[in-house]
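Novice: In my numbering, the protein residues as written are 185 to 484. Below is the structure I would like to discuss, written out as structure tokens.
In structure tokens form, the structure reads like this:
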């Protein structure tokens, strides 16, 4: 019951976005552009500026990079075998590789493992954010119908301000510089608005879906990869790197989190099968109400 209460705010924000889109017919692209270009860079800056680099970073970096690489290769292989077009493959990568370890996963870890576990979850969120803002953005741009070459995809990624927000936050944090309090206050206000805005965009996108364009058969394969295959791969990675104790449990639980909400933002921005990505996000989020408690039970 406590777990259900924990995820209710996320579903409430989705519902507000859904109802707003149904009633007001909002221009989703404008809202997503605002979140991606004006809000997310400040969220990335705050994330990298406020979280100190520690030895745990090494283990979590190795875990995240390996999990991302294995899932990426798996989906590329599936795409090649099925002879899928690039937009569909890119949408599958956005749906299957990146988990919602931040605004969804971190509170669950705090509830289940306490403040020490939450610190690990925040580090995981930082690294996942970096991967999503580089690898994720690249494949979102690559899957765009307006993009034809690798150079064009990379140029679109380079133009994204969220990367520079993250880099600036990390540089200032490592250098030991102190950002003035009035600047931090402004950053906090914009950063706090980023995540709920992303969730609103997801809710708005879901309002445009119909049973015909959801393609549940295709989404089912992503659900299997995200909720079953990803935790199994994570288990073997943990064994290979000899990660033990609380950190091992947290990494395993976070690997079973639903698709990251930001991927819908990227898919909508670059027109990379947004219906498919938003459907995957919605269904994995709903199913996580069942699967995540099971995972918590298994690691305990």
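Cβ coordinates follow ideal geometry from the N, Cα and C atoms, glycine included. Note that this is a predicted model, so its numbers are computed, not measured.
#1: Just confirm the distance between the C-beta atoms of residue 384 and residue 200, as a whole number of angstroms; I'd bet it's less than 8 Å.
#2: When you compare each of 324, 335 and 230 to residue 348 by their alpha carbons, which one comes out closest?
#3: Look at residue 203 and residue 391 and say whether their C-beta atoms are less than 9 Å apart.
#4: Considering only residues of the same chain and omitting the five flanking positions on each side of residue 215, which have a CB-CB separation below 8 Å?
#5: Could you pull out every unbroken alpha helix (DSSP H) segment of at least 4 residues lying fully inside the segment 381 to 425, listed in chain order?
#6: With DSSP run on the structure shown, which of helix, strand or coil describes residue 443?
#7: Taking residue 474 as part of the alpha helix (DSSP H), name the residues at either end of that continuous run.
#8: Rounded to whole angstroms, what is the Cα-Cα separation between residue 357 and residue 233?
#9: Could you tell me whether the segment 281 to 292 touches the segment 309 to 320, using the rule of 3 or more Cβ pairs below 8 Å?
#10: By Cβ distance, which residues of its chain are closer than 7 Å to residue 223, with the 5 residues on each side in sequence left out?
#11: Identify the continuous alpha helix (DSSP H) that holds residue 240 and give its terminal residues.
#12: Ends of the alpha helix (DSSP H) at residue 306?
#13: Classify residue 283 as helix, strand or coil using the three-state DSSP reduction.
#14: Does residue 209 come out as helix, strand or coil in the three-state DSSP assignment?
#15: Determine the DSSP secondary structure at residue 237, reduced to helix, strand or coil.
#16: Can at least three beta-carbon pairs, one atom from the segment 289 to 300 and one from the segment 431 to 438, be found at a separation below 8 Å?
#17: Quick check on this structure: which residue in 352, 198, 477 and 437 has the alpha carbon closest to the alpha carbon of residue 226?
#18: So, under 8 Å CB-CB, residue 196 and residue 449 are touching, yes? Tell me the CB distance rounded to an integer number of Å.
#19: Are residue 454 and residue 343 close, meaning C-beta to C-beta below 9 Å?
#20: Since residue 327 contacts residue 275 with CB under 8 Å, what's their CB separation in whole angstroms?
#21: Just to confirm, are residue 288 and residue 442 a CB contact at a threshold of 9 Å?
#22: Given this structure, state the Cα-to-Cα distance separating residue 451 from residue 336, to the nearest angstrom.
#23: Within this structure, are the beta carbons of residue 346 and residue 245 separated by less than 9 Å?
#24: Which word fits residue 303, buried or exposed, when buried means at least 16 other C-beta atoms lie within 10 angstroms of its C-beta?
#25: Is residue 353 helix, strand or coil by DSSP?
#26: On the CB-based measure, 16 or more other CB atoms within 10 Å of its CB, does residue 446 come out buried or exposed?
Specialist: The relevant details are as follows:
#1: Reading the chain shown from its first residue, position 200 is the one you call residue 384. Reading the chain shown from its first residue, position 16 is the one you call residue 200. Contact holds; Cβ gap of about 7 Å.
#2: Looking up residue 348 in the chain shown gives position 164. Of 324, 335 and 230, the residue nearest in Cα terms is 230.
#3: Locating residue 203 in the chain shown gives position 19, counting from the first residue. Locating residue 391 in the chain shown gives position 207, counting from the first residue. Contact: yes.
#4: Counting from one through the chain shown, the residue named residue 215 turns up at place 31. Take residue 215, set aside five residues on each side of it, and the residues of its chain with a beta-carbon closer than 8 Å to its own are 381, 384, 385 and 388, in chain order.
#5: 395 to 398, 400 to 408 and 414 to 424
#6: In the chain shown, the residue the question calls residue 443 occupies position 259. Three-state DSSP puts residue 443 in a strand.
#7: Residue numbering aside, residue 474 sits at position 290 when the chain shown is read from its first letter. That run of the alpha helix (DSSP H) goes 458 to 483.
#8: The sequence position of residue 357 within the chain shown is 173, counting from 1. The sequence position of residue 233 within the chain shown is 49, counting from 1. So the two alpha carbons sit approximately 5 Å from each other.
#9: yes
#10: The residue given as residue 223 occupies position 39 in the chain shown. These residues qualify, in order along the chain: 374, 377, 378 and 381.
#11: Here residue 240 is taken as the residue at index 56 of the chain shown, counted from 1. From DSSP, the alpha helix (DSSP H) with residue 240 extends over 240 to 266.
#12: Sequence index remark: in the chain shown, residue 306 carries index 122 (1-based). Run containing residue 306: 289 to 315, per the alpha helix (DSSP H) assignment.
#13: Translated into positions along the chain shown, residue 283 becomes position 99. Reduced to three states, the DSSP call for residue 283 is strand.
#14: Taking the chain shown and counting its residues from 1, one reaches residue 209 at position 25. Note: residue 209 maps to coil in three-state DSSP.
#15: Start at 1 with the first residue of the chain shown, and residue 237 comes out as number 53. Note: residue 237 maps to coil in three-state DSSP.
#16: yes
#17: For the purposes of this step, residue 226 is identified with residue 42 of the chain shown, where counting begins at 1. Here the closest residue by C-alpha is 352.
#18: In the chain shown, residue 196 corresponds to position 12, counting from 1. In the chain shown, residue 449 corresponds to position 265, counting from 1. The Cβ separation is near 19 Å, so there is no contact.
#19: Within the chain shown, the letter at position 270 stands for residue 454. Within the chain shown, the letter at position 159 stands for residue 343. For residue 454 and residue 343, no; Cβs fall outside 9 Å.
#20: Locating residue 327 in the chain shown gives position 143, where the first residue counts as 1. Locating residue 275 in the chain shown gives position 91, where the first residue counts as 1. Between residue 275 and residue 327 the Cβ distance is about 6 Å, and since that is below 8 Å, they are a contact.
#21: The sequence position of residue 288 within the chain shown is 104, counting from 1. The sequence position of residue 442 within the chain shown is 258, counting from 1. In this structure, residue 442 lies closer than 9 Å to residue 288 by Cβ.
#22: Taking the chain shown and counting its residues from 1, the one referred to as residue 451 is at position 267. Taking the chain shown and counting its residues from 1, the one referred to as residue 336 is at position 152. Residue 451 and residue 336: Cα-Cα distance of roughly 16 Å.
#23: On the chain shown, residue 346 is found 162 positions in, with the first residue counted as 1. On the chain shown, residue 245 is found 61 positions in, with the first residue counted as 1. It is not a contact, given that the beta carbons lie outside the stated cut-off.
#24: As a working mapping, residue 303 is identified with position 119 in the chain shown. With 16 or more other Cβ atoms within 10 Å, it is buried.
#25: Start at 1 with the first residue of the chain shown, and residue 353 comes out as number 169. Note: residue 353 maps to helix in three-state DSSP.
#26: Counting from 1 along the chain shown, the entry for residue 446 is found at position 262. When all chains shown are included, residue 446 counts as buried.
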